[in-house]
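What follows is a single structure, written as structure tokens, with notes after it.
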Amino acid sequence: MVDLGRLPAKATVGEPFPVSATIFREGHDRLGAEVVLVSPTGERHPPVRLEKLDEPVDRHRAWVTPDAVGAWTFEVHAWSDPVATWKHAAGIKVPAGLDVELMFTEGRLLLERVRAGLDATGTDADARAVLDGAIAAADDRTRPAEARLAQLLSDEVGEVLTAHPLRDLLTIEGPYRVFADRERALFGSWYEFFPRSEGATVDPETGAVTSGTFRTAAERLDAVAAMGFDVIYLPPIHPIGEVNRKGPNNTLTPGPDDPGSPWAIGSKDGGHDAVHPDLGTLEDFDAFVERANGLGLEVALDLALQAAPDHPWVTSHPEWFTTRADGTIAYAENPPKKYQDIYPVNFDNDPAGICREVLRVVKHWMRHGVRVFRVDNPHTKPVAFWQWLLGEVRRTDPDVVFLSEAFTKPPMMHALGAVGFHQSYTYFTWRTAAWELAAYLREVSSESDHTMRPNFFVNTPDILHEYLQYGGPAAFKIRAVLAALTVPSWGVYAGYELYEHVAVRPGSEEYLDSEKYQVRVRDWDAAEAEGRSLAPYITTLNHLRREHVALQRLRNITIHHADDENFLVFSKRAALRQAQGPSDQDDVVLVVVNLDPHAARETTVHLDMPALGLEWGDQFVVHDEITGAEFTWGEHDYVRLDPFHEPAHVLTVRRPA
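Heads up, the sequence shown is in full-length UniProt numbering, so the first residue is 1 and it goes up one at a time.
See the structure below:
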């Protein structure tokens with residue numbers, strides 16, 4: 001439940017999600033429980049039995065899978081199970097010679113109760129025949145007690161009793177709400193680039209930079225699609241303010257040709273519903289979206305609710321901003337960072353007017369083919385506003401996906417997810433040690449998964465972690481493996497594949513010559529030709545993500561143990577067909593990563609064999625999807641990984657050798 005059931009829990013079409021409940025009653029009778037999933041159209045799915053967990057006591061769980069987008073509900077049914085209670089008692093007493101005939105009399109009475117509820121014809125006729133034979137065996141004192149009991153406990157009788165259970169003291173909890181989104185809300189590979197940098201040119205004599213446009217940026221889409229990405233994310237594409245414009249590396253002294261930050265939105269050329277003249281026209285944007293869609297890419301657009309000092313809103317709606325004691329409008333600050341070129345929106349004075357305008361802007365871009373939005377700093381706006389806005393969009397267009405860029409306290413991140421954000425940026429960037437990663441992966445996959453879906457970006461225009469600054473190319477491989485293979489959604493900001501790693505100053509996470517403030521001209525072809533690109537490796541990872549359903553799920557990760565604390569070992573497992581319990585058709589991926597980018601390391605890994613769908617004593621074959629090598633493994637396995645060669649084993653698990 002989310003917010004005591006007032007908000008829907010998160011689900012995705014095709015992804016199983018767990019329903020768990022504490023089931024108990026007085027005394028020692030056995031219990032039964034099941035979950036019933038109800039579709040948006042009111043169709044009740046076949047019930048799924050809840051299985052008792054080892055810990056905590058009395059906790060039961062079942063996995064159910066929605067198959068359509070929309071508002072679902074589920075109910076938990078629990079009952080006292082007289083048949084299971086009798087089986088337990090008879091299984092102990094009859095072999096011990098205690099109350100033997102009483103046990104058979106009680107068993108016969110239960111079977112007669114079941115038979116009384118069956119029709120005399122059709123499919124029930126076969127079930128009645130099975131029960132008649134069992135009832136006769138219960139009354140047949142000429143046969144050995146063990147034989148009589150074996151017939152009552154036979155699989156054939158068990159199947160009938162499972163199909164026609166007896167339920168005493170039935171209680172029903174629910175319905176509880178859950179909303180199933182389309183697959184992109186859960187699974188996708190994101191690539192971020194600045195259109196003004198793609199296709200930009202430099203005059204060799206003057207050094208003057210000519211901005212790229214939507215049309216030149218569209219030429220880069222083929223390479224992005226070839227790497228296996230699903231979403232192309234664009235920072236704000238709107239006119240950029242001229243007042244207090246920032247210069248290179250966030251300086252306050254821009255030159256006349258400095259383009260400014262795209263997040264300083266609005267100028268005399270328009271606001272949030274306009275495109276920057278340097279990028280082209282709205283028709284050029286439409287052509288960009290059409291080209292992207294034709295390559296299998298969805299376009300994600302930045303939604304940043306803030307304004308440059310010369311945004312049209314500042315004149316038409318000054319009440320939408322904060323006026324300080326000296327009469328000036330407050331610019332954005334996050335000490336020690338200052339954003340003199342940005343006015344944050346203040347929702348206090350005219351919330352209804354702001355709501356109407358933002359919804360208008362969002363629907364404007366939806367009409368131009370945008371079905372995915374990356375929202376800038378949503379934690380600085382009222383949660384109630386997001387609940388309203390996302391609810392309005394979901395009401396008419398439930399396929400539209402919103403990604404929350406809220407690097408803030410966990411309660412706010414979870415609240416934003418609970419009120420409707422489909423995905424969230426996370427703390428992944430700052431989790432580098434094996435124990436930190438293990439704890440965080442458990443959190444996002446099984447503790448906060450009902451409210452927040454993670455998207456693991458390896459870098460952003462704002463975040464260049466010191467691990468990448470000093471780890472060399474191996475660090476870029478390691479982080480890509482971790483982001484791409486642990487969670488269903490991951491993201492890359494352009495330049496990552498070129499190992500861009502220089503910070504503006506020691507101790508900073510800002511890039512030197514940050515693309516936020518200037519155009520970056522990159523020679524992608526030369527990097528590829530000279531072998532200075534991580535693109536082939538990223539392509540392999542994205543190919544694996546598309547090929548393996550296990551990598552497209554969030555809630556299915558298992559952390560295994562390694563003797564060396566510099567190793568992270570994890571597996572992901574998913575059924576290739578809908579089935580209860582382990583299946584020989586399960587898709588299983590096992591990953592072993594050396595997190596030390598500076599040295600080769602060796603260790604012994606210790607595997608949770610049942611988590612792989614195997615028995616403890618099994619030997620099995622693994623295929624390394626990176627190198628092509630194959631190994632025979634068991635519960636305990638020696639591993640040596642050299643980050644200067646390959647820092648990770650990405651293994652697909654075959655059946656026992």
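Just so you know, even glycine gets a beta-carbon here, dropped at the ideal spot from N, CA and C. Note that the structure is a prediction, hence the values are computed from the model and not measured.
Under the DSSP definition of a beta bridge, residue 572 partners with 557 and 589. Secondary structure remark: continuous beta strand (DSSP E) runs of at least 3 residues inside the UniProt region "Disordered" (244-270): none found. The stretch 238-250 and the stretch 301-315 touch, with three or more beta-carbon pairs separated by less than 8 Å.
Shortest Cα-Cα distance from residue 449 to any of 13, 18 and 193 involves 18.
In the three-state DSSP reduction, residue 293 falls in the helix class (H, G or I).
Using a Cβ distance threshold of 7 Å, residue 326 and residue 215 do not count as a contacting pair. Contact annotation: residue 374 and residue 511 have beta-carbon atoms that are not nearer than 7 Å.
Linking residue 169 to residue 79 through their CA atoms gives a straight-line distance of about 5 Å. Separation of the CB atoms of residue 568 and residue 437 is rounded to 5 Å, and the pair is thereby assigned contact status at 8 Å. Within the stretch 114-144, the complete alpha helix (DSSP H) runs of at least 4 residues fall at 123-139. The beta carbons of residue 459 and residue 425 sit about 12 Å from each other, so the pair does not count as a contact at 8 Å.
Looking only at 106, 518, 346 and 272, the smallest Cα-Cα distance to residue 321 is reached by 346. When 160, 154, 102 and 146 are compared, the shortest CA-CA separation from residue 127 is found for 160. Taking residue 475 as reference, the option from 605, 614, 523 and 642 with the minimal CA-CA separation is 642.
For the pair residue 416 and residue 207, the Cα-to-Cα distance works out to about 45 Å. Beyond the five residues adjoining it in sequence on each side, residue 542 comes within less than 8 Å, by CB distance, of 189, 227, 228, 229 and 484 in the same chain, given in chain order. Inter-residue distance for residue 35 and residue 75 is about 6 Å (C-alpha atoms, whole angstroms). Counting along the chain, the unbroken beta strand (DSSP E) around residue 72 starts and ends at 70-80. The shortest CA-to-CA distance from residue 480 to any of 57, 594 and 332 is the one to 594. Going by DSSP, residue 457 is part of no alpha helix (DSSP H) but of the beta strand (DSSP E) stretching over 455-457. Separation of residue 117 and residue 31 (C-alpha to C-alpha, rounded to the nearest whole angstrom) is 21 Å.
If you draw a 10 Å sphere on the C-beta of residue 60, you find 16 or more other C-beta atoms in it, and that means buried. Ranked by how close their Cα comes to the Cα of residue 554, the residues 629, 620, 163 and 445 have 445 in first place. Membership of residue 606 in any alpha helix (DSSP H) is not indicated; the residue belongs instead to the beta strand (DSSP E) covering 601-606. Contact between the stretch 642-653 and the stretch 464-478 is present, with at least three C-beta pairs closer than 8 Å. Of all alpha-carbon atoms in 130, 540 and 330, the one lying nearest the alpha-carbon of residue 625 is that of 540. Inter-residue distance for residue 534 and residue 500 is about 11 Å (C-alpha atoms, whole angstroms). Secondary structure note for residue 338: its beta strand (DSSP E) is the uninterrupted segment 337-339. With a cut-off of 8 Å on Cβ pairs, the stretch 356-366 is in contact with the stretch 380-394, counting three or more such pairs.
Residue 249 sits away from residue 519, with the two beta carbons spaced by 7 Å or more.
Spatial neighbours of residue 120 in its own chain (CB-CB distance under 8 Å, excluding positions within 5 residues in sequence) are listed in chain order as 128. By a beta-carbon distance limit of 8 Å, residue 366 contacts residue 400. Their separation comes to about 6 Å.
Annotation: residue 182 is outside any alpha helix (DSSP H) and is labelled neither H nor E by DSSP. Rounded to whole angstroms, the separation of the alpha carbons of residue 7 and residue 633 is 45 Å.
Boundaries cannot be given for residue 167, as no alpha helix (DSSP H) includes it and DSSP labels it neither H nor E. One alpha carbon belongs to residue 313, the other to residue 54, and they sit about 59 Å apart.
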